[in-house]
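Just below is one structure, and these are the notes that go with it.
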Ligand SMILES: Nc1ncnc2c1ncn2[C@@H]1O[C@H](COP(=O)(O)OP(=O)(O)OP(=O)(O)O)[C@@H](O)[C@H]1O
Ligand SMILES: [Mg+2]
């Protein structure tokens, strides 16, 4: 498990970078935490780090699901407004999850927990009593995914440490 403080948006951007570097197609992320804790802001930044235009990301509060085509394909779901099994059937989560060539991110997963795969990247966000923003990320390896599997280019602020530096170390070792 990995812990983050994300008291401002640059810190949230760094957290998004860490996560995006470790995602691969087929992953399902769940985002838990109270209203306004920053789930959609985190999704926006992960989408950006995965090479999409982050400015197009809006909250699927009313649409329930937003699709971002590209490589990887991204599906962003918000279950907060699901009120009945009829709503859930309309959304057809079982059809959406997981996507072999894409990444799914779900806000308020507990509302339909039985339909969300057990194998998931779990992100729990909260405000501490002191008013700090803290997050726990479970289900990702410490080391970034390598190769052409992903292309988290990291637009926006606070790029993660350069991958080329790591590559240099790798090649000097071999
Ligand atoms: N780390 C942060 N620093 C400063 N402001 C933040 C941070 N994270 C989120 N915010 C701001 O808080 C507000 C709510 O964020 P966001 O919409 O991401 O919350 P949410 O968890 O998705 O809420 P909901 O449960 O309603 O979907 C936004 O205006 C966002 O910009
Ligand atoms: Mg939200």
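Residue numbers (my numbering): 8 to 181.
Built from N, CA and C at the ideal position, the CB exists for glycine as well.
Return yes when the Cβ of residue j is within less than 8 Å of the Cβ of residue i, no when it is not.
| i | j | result |
| --- | --- | --- |
| residue 106 | residue 125 | no |
| residue 132 | residue 50 | no |
| residue 109 | residue 128 | no |
| residue 114 | residue 47 | yes |
| residue 85 | residue 71 | yes |
| residue 103 | residue 119 | no |
| residue 130 | residue 42 | no |
| residue 57 | residue 18 | no |
| residue 68 | residue 88 | yes |
| residue 147 | residue 21 | no |
| residue 15 | residue 139 | no |
Can you name the start and end residues of the alpha helix (DSSP H) that residue i belongs to?
| i | result |
| --- | --- |
| residue 47 | 46-56 |
| residue 29 | Here residue 29 belongs to no alpha helix (DSSP H), and DSSP marks it neither H nor E. |
| residue 97 | 92-98 |
Which residue comes first and which comes last in the beta strand (DSSP E) that contains residue i?
| i | result |
| --- | --- |
| residue 206 | Here the chain comprises residues numbered 8 to 181, so residue 206 is not present and cannot be evaluated. |
| residue 139 | It is not in any beta strand (DSSP E) - residue 139 carries neither H nor E in the DSSP assignment. |
| residue 75 | 72-75 |
| residue 37 | 35-39 |
| residue 109 | 109-114 |
| residue 11 | 9-12 |
| residue 80 | 80-85 |
| residue 128 | 128-134 |
For residue i, is the beta carbon positioned less than 7 Å from some heavy atom of ligand 1?
| i | result |
| --- | --- |
| residue 134 | no |
| residue 52 | no |
| residue 44 | yes |
| residue 61 | no |
| residue 18 | yes |
| residue 37 | no |
| residue 117 | no |
| residue 87 | yes |
| residue 131 | no |
| residue 29 | no |
| residue 75 | no |
| residue 40 | yes |
| residue 92 | no |
| residue 15 | yes |
| residue 140 | yes |
Rounded to whole angstroms, how far is the Cβ of residue i from the Cβ of residue j, which I believe are closer than 8 Å?
| i | j | result |
| --- | --- | --- |
| residue 10 | residue 143 | 6 Å |
Worksheet item: Residues with a Cβ closer than 6 Å to any heavy atom of ligand 2, in chain order?
Response: 46, 47, 66, 85, 114
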